[in-house]
Every structure is written in structure tokens, then in C-alpha cells.
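Have a look at the structure below, then the notes.
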Amino acid sequence: MRAMLWWCQDAIPAKRIGDMQRITITIDDFLLATLDDTMKRRAYSSRSEALRDILRAHRSKELLADAHAQCVGTLTIVFEHGVRELAQRLSDAYHEQHALIVSSSRIYLDHDNCLEALVLRGEVDTIQQFAWSLASQRGVRNSNLHLMPLMKESAPPHEHLHV
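Counting in full-length UniProt numbering, the sequence shown runs without a single skipped number right up to 163 at its last residue.
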């Protein structure tokens, strides 16, 4: 048996809802159960909102496949602050790539470990290379890079020269 799911209507003349359209899609029972499970786990108010987020995530993944796509992201690293010259190496790397870094924050987790959170903006490949260069430093215990594409036109990144 096939399950019917109302979301936006494309085959029939579209009924406008604000700036959205209502179409009809057909999916099998397994996918519908998966959608409903996702909807419940993530506390979506409707199947439509769950599907919109799934489609946005898919579109983001496609956009991030382009090494030259503009994106924003967060890089979080945990490191041992007592490792010889690590703090200086990280600082040097930040200065070399200052045009990528929008913001940074350091949190002292305990006597030996720090967490550094960087907000980055630039091309996918440049940010990934920067993240890998930091993650590979001796004394960096863990790192996590999360990227999001810039889907709308925005001003390209530029340097801020300070005198």
C-alpha cells in the first residue's frame, strides 16, 4: 500500500500559502514511517517542516561539494595547552588565515585542556585545509568542523586591515 503525503502541490495548479506552494507526493510506507519517526524525534510540528529541513540539508550537502563554494562554519578544537609551543603554533596559524576567522573564543576546561571555538567564513576547501592543519598539530586532542553553505548572495569575504 502506498501512503499519500500532502506537502506542496505541483501537478495540480499550485495553491499559494504565503511564499510556499502545496504539492502532493507519494511515498511508500517505510519512508512515511521514517519521516514520521524523524518528525517525532526532532519535535517538528508537521511533516512539511520535516521535509523542508531534509531538503535543505540535502541541498547544503550538494553545495558544500563545490570546493570553491562560499560557506560559514564552526571549528571546535580541544588541545593540551601545556604542549611545547602549541599555543604559539595555533596563534601563528590564526594570524596566517585571519581573513577566514570571524570570531574565536577559548575556554579553559581544566588544568591541562582548552577548547577553542572559531567561527569561519570563506571557501569550503580553504576552510577544510585550515581545519586539517590545526587538527594535525601535536597536542590537539579532538576537532570538529561544521560547515554551512551561504545560499543567498552576500558580500564576498574581504580582509580587514587594521593599523
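Even glycine gets a Cβ: it sits at the ideal position worked out from N, Cα and C.
Expected contact under 8 Å - CB spacing of residue i and residue j to nearest Å
i	j	result
L100	L86	About 20 Å; that fails the 8 Å criterion.
L90	L134	7 Å
I77	E123	Between E123 and I77 the Cβ distance is about 20 Å, and since that is not below 8 Å, they are no contact.
D112	E80	5 Å
A50	T38	6 Å
L75	S136	Between S136 and L75 the Cβ distance is about 13 Å, and since that is not below 8 Å, they are no contact.
L145	Q128	7 Å
V47	V83	According to the sequence as given, residue 47 is Arg; it is not Val. Rounded, the Cβ-Cβ distance is 50 Å, inconsistent with contact.
Close Cβ partners of residue i (< 7 Å) along its chain, the five nearest in sequence each way excluded
i	result
M148	S60, C71, V72, G73
Y108	C114
T126	L100
C8	Legend: pLDDT at C8 = 34, less than 50; position of this residue unreliable, value from coordinates given subsequently. Only M20, Q21, R22, I23 meet the Cβ criterion.
In DSSP terms, what residue i is bridged to
i	result
T38	Partner(s): none; T38 has no beta bridge.
H58	The partner list for H58 (beta bridge, DSSP) is empty, contrary to what the question assumes.
D151	Correcting the residue identity first, residue 151 is Met in this sequence and not Asp. Answer by DSSP bridge pairing: none, since M151 is not bridged.
D19	DSSP output for D19 lists no bridge partner at all.
L145	L75
Sequence-distant residues of the same chain with beta carbon closer than 6 Å to residue i, five excluded per side
i	result
Q97	F130
S102	Checking the sequence shown, residue 102 turns out to be Val, not Ser. Once the five neighbours on either side are set aside, the close Cβ partners of V102 are V119, R121.
L68	At residue 68 the sequence reads His, which differs from the Leu that was named. So the qualifying residues of the chain are E123.
V140	I77, F79
#### Entry: Contiguous beta strand (DSSP E) assignments of at least 3 residues, all confined to the region 62-142
70-80, 101-108, 113-123
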